[in-house]
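Read through the structure below, which is laid out as structure tokens, and then see the notes.
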């Protein structure tokens, strides 16, 4: 009834409009009754749509691998990464040996890194290395994983463990893949992490200085790579005044 009244072509709309006017004039449908009718109809549509969505979600299992893979790419395109992750779980569980699984891993890893969700990006790259890494691609995949750590550095600039572990991982890459085309980029990231660690150690030493603990000051100042500091002459990280007030 609602679709008949408000849908169709121009001729149908004109006829429907006349019908509606006649109904009002003849008292066949008073305004109060019409509002009630419209609310009931809208409620039915909403309930019906909800049921359809539930049925759709319920039916989304035991699908071919390409169905899940296309869904992943579609959701990545619309930046719905949580849904894309769910589609990956379905692809992984239903088609564990599909060649589309590693492709989906790389796509999701890159998508999460683009969205600055570096922990999830690192997860996908790490899983790819464990399951599908070969001598031909492992350096590239390890580089992507390290790159996700590098981009996450600003969120962990005071996390000593994160910085230390990242420096170790970067050093291991250089040792394992000395001839890799990605080595210069990894060396650059390693320098940035060490400089960040130097700045953190200097800040911690300053805290001990304020608390009149000379042993702590000495311990953290000794951890600073003075040679690298002299060679690179880094500028102190910019810190807004409103952060500086509450900072160390």
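In the numbering used here, the protein residues as written are 329 to 576.
Note that CB positions come from ideal geometry on N, CA and C, so glycine has one too.
{"Query": "CA-CA distance, residue 433 and residue 510?", "Result": "21 angstroms"}
{"Query": "Go ahead and pull the three-state DSSP assignment for residue 381.", "Result": "Low per-residue confidence applies at residue 381: pLDDT is 46, beneath 50, and the placement is therefore not dependable enough to give any value."}
{"Query": "Can you say whether residue 464 is buried or exposed, counting buried as having 16 or more other CB atoms within 10 angstroms of its CB?", "Result": "exposed"}
{"Query": "Residue 419 and residue 397 look like a contact to me (Cβ under 8 angstroms); what is the Cβ gap, rounded to whole Å?", "Result": "6 angstroms"}
{"Query": "Do you know how far the Cα of residue 448 is from the Cα of residue 437?", "Result": "7 angstroms"}
{"Query": "If I'm right that residue 415 touches residue 399 with Cβ under 8 angstroms, what's the distance once you round it to whole angstroms?", "Result": "4 angstroms"}
{"Query": "Just the Cα atoms here: how many angstroms apart are residue 556 and residue 506?", "Result": "21 angstroms"}
{"Query": "Would you mind giving the Cβ-Cβ distance between residue 404 and residue 428, rounded to the nearest angstrom? I have them listed as a contact below 8 angstroms.", "Result": "Between residue 428 and residue 404 the Cβ distance is about 14 angstroms, and since that is not below 8 angstroms, they are no contact."}
{"Query": "What does the alpha-carbon distance come out to for the pair residue 502 and residue 525?", "Result": "19 angstroms"}
{"Query": "Considering Cα atoms alone, identify which of 531, 422, 440, 421 is closest to residue 406.", "Result": "440"}
{"Query": "Just checking, does the stretch 536 to 551 make contact with the stretch 513 to 523 on the three C-beta pairs under 8 angstroms criterion?", "Result": "no"}
{"Query": "Leaving aside the five residues before and after residue 545 along the sequence, list all residues of the same chain whose C-beta is less than 7 angstroms from its C-beta, in chain order.", "Result": "533, 536, 537"}
{"Query": "Based on Cα-Cα distance, which residue from 547, 421, 530, 446 lies nearest to residue 472?", "Result": "446"}
{"Query": "Apart from the five residues just before and just after residue 435, which ones in its own chain have a Cβ nearer than 7 angstroms to its Cβ?", "Result": "400, 401, 404"}
{"Query": "At the level of alpha carbons, what is the spacing between residue 493 and residue 476?", "Result": "13 angstroms"}
{"Query": "Using a threshold of 7 angstroms, state whether the C-beta atoms of residue 467 and residue 508 are closer than that.", "Result": "yes"}
{"Query": "If you follow the alpha helix (DSSP H) that residue 540 is part of, which residue opens it and which one closes it?", "Result": "Careful: residue 540 lies outside any alpha helix (DSSP H) and carries neither H nor E."}
{"Query": "Is the distance from the Cβ of residue 523 to the Cβ of residue 562 below 7 angstroms?", "Result": "yes"}
{"Query": "On a CA-only basis, which of 500, 565, 496, 559 is nearest residue 531? Give me that one, please.", "Result": "565"}
{"Query": "Going by the CB atoms, is the gap between residue 551 and residue 310 shorter than 7 angstroms?", "Result": "Absent from the model: residue 310. The displayed extent of the chain is 329 to 576, so no value can be given."}
{"Query": "Below 6 angstroms CB to CB, which residues in the same chain sit around residue 423 once its five sequence neighbours on both sides are set aside?", "Result": "393"}
{"Query": "Measure the C-alpha to C-alpha separation of residue 513 and residue 413 and round it to an integer number of angstroms.", "Result": "29 angstroms"}
{"Query": "Using only the alpha-carbon positions, how far apart do residue 554 and residue 504 sit?", "Result": "27 angstroms"}
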